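Report on the following structure.
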Amino acid sequence: MKFPQPETLSRIAALINAEIIGDEQAQAFGINEIHKVEPGDLVFVDHPKYYDTCLQSEASHIIINSKDVAGSAGKNLLYVADPFEAYLTIINHFRPFQAADKAISDTAVIGKNTLIMPNVFIGKDVEIGDNCIIHANVSLLDDTKIGNNVVIQAGTTVGSDAFYYNTKKDRGIWYKKMQSCGNVVIEDDVEIGAGCTIDRGVTASTFIGAGTKIDNLVHIGHDTQVGKNCLFAAQVGIAGATTIEDGVVLWGQVGVSKTLTIGKNAVVLAQSGVPSSLEGDKVYFGYPAIDAAEKRRELVWIKRIPQLWKKVFDQ
Amino acid sequence: MKFPQPETLSRIAALINAEIIGDEQAQAFGINEIHKVEPGDLVFVDHPKYYDTCLQSEASHIIINSKDVAGSAGKNLLYVADPFEAYLTIINHFRPFQAADKAISDTAVIGKNTLIMPNVFIGKDVEIGDNCIIHANVSLLDDTKIGNNVVIQAGTTVGSDAFYYNTKKDRGIWYKKMQSCGNVVIEDDVEIGAGCTIDRGVTASTFIGAGTKIDNLVHIGHDTQVGKNCLFAAQVGIAGATTIEDGVVLWGQVGVSKTLTIGKNAVVLAQSGVPSSLEGDKVYFGYPAIDAAEKRRELVWIKRIPQLWKKVFDQ
Amino acid sequence: MKFPQPETLSRIAALINAEIIGDEQAQAFGINEIHKVEPGDLVFVDHPKYYDTCLQSEASHIIINSKDVAGSAGKNLLYVADPFEAYLTIINHFRPFQAADKAISDTAVIGKNTLIMPNVFIGKDVEIGDNCIIHANVSLLDDTKIGNNVVIQAGTTVGSDAFYYNTKKDRGIWYKKMQSCGNVVIEDDVEIGAGCTIDRGVTASTFIGAGTKIDNLVHIGHDTQVGKNCLFAAQVGIAGATTIEDGVVLWGQVGVSKTLTIGKNAVVLAQSGVPSSLEGDKVYFGYPAIDAAEKRRELVWIKRIPQLWKKVFDQ
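Chains as they are written, first to last, in the working numbering: chain A, 3 to 317; chain B, 3 to 317; chain C, 3 to 317.
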């Protein structure tokens with residue numbers, strides 16, 4: 003997430019009550035998660051395990067709960083006791099969630115020949131291209147960007163919050179929401195079925211590439227990147243921050259875990275589960291999803307166990 | 003379900019055209035399912051197999067299709083030919099379903115700083131606490147009770163009818179709906195994803211404990227009791243009248259059967275199926291879900307069948 | 003799909019810029035998919051592999067990309083370079099998708115004692131019988147037909163477009179939508195849960211038989227035919243053009259593939275997957291779903307592999 007305009011570190015420090023170790027007049031352009039940061043961005047870290055990754059990231063400014071960071075590598079540090087709370091303060095300041103007073107925001111931009119059906123909600127700064135159809139009871143939350151020739155069937159939600167929590171089991175509420183400030187970007191010629199849910203990115207964009215077609219009741223998690231010309235059948239679920247390359251086909255009820263990659267033109271057969279990355283140009287099946295031919299042989303082998311048993315114990 | 007005020011048995015008997023065997027002036031406080039009844043309640047039973055359970059329950063008054071009940075144990079009996087129809091008559095009399103003439107009922111109570119987004123439906127006697135966000139196109143049906151700091155993402159339904167039918171295959175319509183008169187209770191700091199469905203209890207409450215976080219497209223059946231600080235990933239489905247204790251984690255697409263218990267802090271890995279109760283503090287995997295380490299060993303054993311075959315048949 | 007009134011072939015040919023080989027004054031009554039056509043209908047075919055099936059179908063008029071069709075068997079041919087585009091042109095001409103200017107269309111017919119809750123969308127030419135309840139945020143798209151005593155829980159979509167595409171991987175957009183012009187027909191005493199999605203037929207009807215009860219978050223694909231008194235638990239998914247006969251029970255999260263048949267009174271246990279047709283009057287389990295008792299024995303056999311291994315390798 004970028005700030006509306008660059009902010010000096012001293013202003014950020016005042017907002018989150020931080021001690022600056024570095025250049026107070028340096029400029030911060032935004033705040034992002036560690037794997038999304040760009041030069042000029044703030045990032046936060048609250049566990050020593052991740053200190054090094056942060057110090058070696060592209061981030062210019064680090065909100066951190068330690069002053070003893072060896073070799074801060076040209077980064078500016080903002081020392082606070084609880085970096086997660088500081089993150090929430092910054093998000094709520096620059097991107098506060100606001101009640102909508104109407105079903106279609108005045109700041110939404112809707113293209114030519116685009117049809118918006120009844121009972122649709124369109125939030126702030128949503129952009130929809132030309133020749134789209136947004137069916138009844140669809141919710142397009144703030145900052146969603148949609149290309150041309152996109153169809154979204156009824157009852158679908160685009161831009162719901164990431165399912166992403168700060169976990170600490172030594173407090174009453176174990177899971178504290180990591181406030182989402184990203185969005186969803188949908189390219190041209192995408193079609194999304196009825197009753198689907200596509201979460202926004204935590205600080206960046208969830209992305210659906212041009213020409214991809216998605217059936218009903220499909221879930222796509224935050225920050226997931228879907229390529230072009232993919233085909234997802236009904237009730238597929240894809241967890242957060244996963245990469246689905248171009249031309250991938252996922253058949254019905256397939257589940258895909260988080261932060262992995264499915265390579266170009268891979269096909270995953272119905273009800274399979276994908277716990278780790280898959281190479282492209284192959285067909286997969288089962289849980290965990292493996293080469294489909296191998297899986298089918300495995301099912302045949304299982305049926306031969308009684309024969310083995312007979313030979314070994316009854317011969 | 004409790005009646006608005008206590009009713010004499012003679013009045014109930016007149017309503018359902020029953021013969022009273024017992025005290026006509028006794029008071030009935032409500033009607034509930036057999037596992038939910040409290041002293042003073044009515045219960046109904048239409049199969050001899052369950053007569054004894056009813057007679058030994060906490061119910062004070064039993065709607066029953068037999069007069070020959072040995073030792074009615076201090077209970078008052080209301081004899082009718084079809085107890086199920088009598089139940090429906092009572093529910094439709096005391097808790098009739100009524101059309102809403104507006105999207106947010108005048109009898110709903112909404113707390114401070116709670117944001118209600120556009121196209122939300124809020125039924126009769128719904129209560130929502132402070133600092134909540136109810137996103138667009140959410141439906142909160144009659145009698146839903148929601149605590150403070152609750153977030154419900156877009157398109158979710160809370161309080162849909164139980165999927166619960168009286169089955170008789172010797173009539174044209176095999177399944178007759180057991181009219182729901184319970185509700186849904188959601189405690190503080192709960193978050194519910196987009197496109198979820200949470201059914202009301204048949205006569206009592208479906209319950210979601212404080213701090214529990216639920217991802218998108220999750221289904222929770224009638225009368226299910228979910229503890230505090232649970233985490234359910236996307237597309238999890240939990241059938242009716244099940245108990246999920248505190249701190250349980252269910253990963254994506256897990257299915258849980260009805261009327262069972264998952265113990266405290268249990269973790270069930272993605273796509274697993276839970277057909278019977280699970281002890282707490284363990285990790286489970288597979289269908290039927292077993293100890294995850296054991297399941298993983300099982301998957302390794304399956305891959306060794308060809309080697310066994312070779313040794314036995316080809317040596 | 004039938005045209006509002008019969009059309010001469012010459013008029014159809016002018017619309018799609020086709021060369022007629024046959025009787026220009028012949029009448030066309032409608033256009034349908036190959037397995038749905040009736041005498042008088044148009045059908046289209048663009049792959050030589052299917053030419054014969056078309057020529058032997060009930061269709062009277064064939065939109066085709068070849069003039070060299072041996073023995074056109076009394077059919078009239080409409081020659082065009084791209085039959086799929088001709089199909090789209092015909093559908094968009096006779097059944098154009100139109101924006102709704104109100105949430106409940108003036109052309110909808112709603113029966114006696116039927117309750118329509120807030121935020122419901124009811125499209126053009128929808129018909130709903132008597133004594134129905136249509137809960138909040140439901141979308142009933144154009145041409146949906148609903149019988150008496152039907153209950154549809156909140157957030158459900160009926161009549162979304164078929165997930166059905168013309169695939170050609172040598173163009174920028176691989177998948178081009180086969181425009182749906184069919185509808186959904188729901189008989190008496192059906193109940194549909196919350197958050198469900200039922201797609202319309204491509205050119206004919208998706209059908210739900212009398213007395214069938216469907217739980218939450220269930221997906222039913224285009225052109226699927228569901229019998230009477232079926233029971234589908236939550237999160238079941240049924241792909242397109244499948245036949246589910248009377249009395250079938252599908253437990254939670256079952257997935258059913260396309261164009262197959264599940265016989266009368268079959269029961270498929272939770273989380274099973276059905277890739278091919280199943281006989282009636284049996285209980286099935288697993289993926290691929292087989293006789294449940296056989297599947298359970300298979301699970302027992304798997305647990306005996308270590309014992310086999312011990313005997314073979316360690317004896």
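Virtual Cβ for every residue (Gly too), placed ideally from N, Cα, C.
All of these numbers come straight from a predicted model, not from anything done at the bench.
ask   = Where in the segment 172-240 of chain A do unbroken runs of the beta strand (DSSP E), each at least 3 residues long, occur, reported from the N-terminal end onward?
value = Runs of the beta strand (DSSP E) inside the segment 172-240 of chain A: 177-179, 185-188, 199-201, 207-210.
query = Which of the three DSSP states, helix, strand or coil, is assigned to Ala43 of chain C?
reply = The residue asked about is misnamed: residue 43 of chain C is Asp in this sequence, not Ala. Asp43 of chain C: strand per DSSP, three-state reduction.
task = Quick one: measure Cβ to Cβ for Ala138 of chain A and Asn151 of chain A, integer angstroms, because I've assumed they're closer than 8 Å.
result = Contact doesn't hold; Cβ gap of about 19 Å is too wide.
task = Could you check what DSSP says for Ile112 of chain B in three-state terms: helix, strand or coil?
result = Strand.
ask   = From the DSSP output, which residues share a beta bridge with Leu271 of chain A?
value = DSSP lists no partner for Leu271 of chain A.
task = Please compile the residues from chain B whose C-beta is within a distance smaller than 9 Å of the C-beta of Ser162 of chain A.
result = Here the neighbours are His137, Gln155, Ala156, Gly157, Gly195, Ala196, Gly197, Asn218.
ask   = Going by C-alpha distance, which of A:Asp144, A:Leu233, A:Glu26 is nearest Thr109 of chain A?
value = A:Asp144 is the residue among A:Asp144, A:Leu233, A:Glu26 whose C-alpha sits nearest the C-alpha of Thr109 of chain A.
request  = Find out if the Cβ-Cβ distance for the pair Ala20 of chain B, Val82 of chain B is shorter than 8 Å.
outcome  = Contact flag set, yes.
ask   = Are Val270 of chain A and Val276 of chain A touching if we call contact CB-CB under 8 Å?
value = It is a contact, given that the beta carbons lie within the stated cut-off.
query = How about Tyr53 of chain B and Ser68 of chain B: do their beta carbons lie closer than 8 Å?
reply = A contact, by the Cβ cut-off of 8 Å.
message = What does DSSP give as the partner residue(s) for Ala30 of chain B in the beta ladder?
response = Answer by DSSP bridge pairing, in chain order: B:Glu9.
task = Just the C-alpha distance for Gly149 of chain C and Val192 of chain C, rounded to the nearest angstrom, thanks.
result = Straight-line Cα distance between these residues: approximately 8 Å.
ask   = Which word fits Ala16 of chain C, buried or exposed, when buried means at least 16 other C-beta atoms lie within 10 angstroms of its C-beta?
value = Answer is exposed; the Cβ neighbour count stays below 16.
request  = Spell out whether any CB of chain B is found under 8 Å from the CB atom of Gly179 of chain A.
outcome  = Residue identity differs from the one stated: residue 179 of chain A is Lys in this sequence, not Gly. Yes, contact with chain B.
inquiry  = At the 8 Å Cβ level, is His95 of chain B part of the contact set with chain C, yes or no?
reply    = Put simply, the CB of His95 of chain B is far from chain C, with every gap to its CB atoms at 8 Å or more.
query = Shorter than 8 Å from the beta carbon of Ala235 of chain A to some beta carbon of chain B?
reply = With 8 Å as the cut-off, Ala235 of chain A does not count as an interface residue toward chain B.
ask   = Sorry if obvious, but does the Cβ on Ile92 of chain B come closer than 7 Å to a heavy atom of the ligand HEM?
value = Looking at this structure, you won't find the ligand HEM or any other ligand, since it has none at all.
task = Measuring alpha carbon to alpha carbon, tell me which of B:Phe86, B:Ile66, B:Val187 ends up nearest Leu79 of chain B.
result = Out of B:Phe86, B:Ile66, B:Val187, B:Ile66 has the C-alpha closest to the C-alpha of Leu79 of chain B.
message = Going by beta-carbon coordinates alone, are Pro155 of chain C and Ile194 of chain C separated by less than 8 Å?
response = Reading off the sequence, residue 155 of chain C comes out as Gln, not Pro. Against a cut-off of 8 Å, the Cβ pair of Ile194 of chain C and Gln155 of chain C comes out as a contact.
task = Verify the CB distance criterion: does Ile112 of chain B have a CB-CB separation below 8 Å to chain A?
result = Ile112 of chain B does not count as touching chain A.
Proximity to Ile84 of chain B [Cα-Cα], best of B:Lys178, B:Glu129, B:Trp303, B:Lys114 = Position check: residue 84 of chain B holds Asp in this sequence, whereas Ile was assumed. The shortest Cα separation from Asp84 of chain B among B:Lys178, B:Glu129, B:Trp303, B:Lys114 belongs to B:Lys178.
inquiry  = Can you pull the chain A neighbours of Gly254 of chain B, defined as C-beta to C-beta under 7 Å?
reply    = Here the neighbours are Gly239, Ala241, Gly257.
His63 of chain A: first and last residue of the uninterrupted beta strand (DSSP E) it sits in = Segment 63-66, the beta strand (DSSP E) holding His63 of chain A.
Chain-ordered neighbours of Trp311 of chain C on chain B, where CB pairs are closer than 8 Å = Ordered by position in chain B, the residues that pass the 8 Å Cβ test against Trp311 of chain C are Trp303, Arg306, Leu310.
key: Pair within 8 Å by beta-carbon distance, His95 of chain C and Lys77 of chain C   = With contacts defined by Cβ atoms closer than 8 Å, His95 of chain C and Lys77 of chain C do not form a contacting pair.
Selection from B:Ile292, B:Asp48, B:Ile18 that minimises the alpha carbon distance to Thr169 of chain B = When only C-alpha atoms are compared, the closest one is B:Asp48.
key: Contact list for His221 of chain C against chain A, beta-carbon separation under 7 Å   = At a C-beta separation below 7 Å, His221 of chain C has these neighbours in chain A: Asn218, Leu219, Ala236, Gln237.
task = In the DSSP assignment, find the unbroken beta strand (DSSP E) run with Ile23 of chain C in it and report its ends.
result = Unbroken beta strand (DSSP E) run through Ile23 of chain C: 21-23.
ask   = In chain B, which residues lie less than 8 Å from Lys4 of chain A when you measure between Cβ atoms?
value = Neighbours of Lys4 of chain A on chain B: none; closest Cβ ~24 Å, over 8 Å.
query = To the nearest angstrom, how far is it from the Cα of Ile118 of chain C to the Cα of Gly125 of chain C?
reply = Those two C-alpha atoms are separated by around 13 Å.
task = Please work out which residues of its chain come closer than 6 Å, Cβ to Cβ, to Gly249 of chain B, disregarding the five sequence neighbours upstream and downstream, and give them in chain order.
result = If you ignore the 5 residues before and after Gly249 of chain B, its C-beta comes within less than 6 Å of the C-beta of Asn231, Lys266, Asn267, all in its own chain and listed in chain order.
task = Output yes or no for whether 8 Å exceeds the beta carbon distance between Gly239 of chain A and His221 of chain A.
result = Closer than 8 Å, so yes.
inquiry  = How far does the alpha helix (DSSP H) with Asn94 of chain A in it extend, from its first residue to its last?
reply    = That run of the alpha helix (DSSP H) goes 85-96.
Per-residue burial, Val187 of chain A [other beta carbons within 10 Å of its own, 16 or more giving buried] = With 16 or more neighbouring CB atoms inside 10 Å of its own CB, Val187 of chain A falls in the buried class.
query = For Pro290 of chain A and chain C, any beta-carbon pair shorter than 8 Å?
reply = Chain C contact via Cβ: absent.
Contact with chain A by Lys77 of chain B, beta-carbon distance below 8 Å = It does not; no Cβ of chain A falls within 8 Å.
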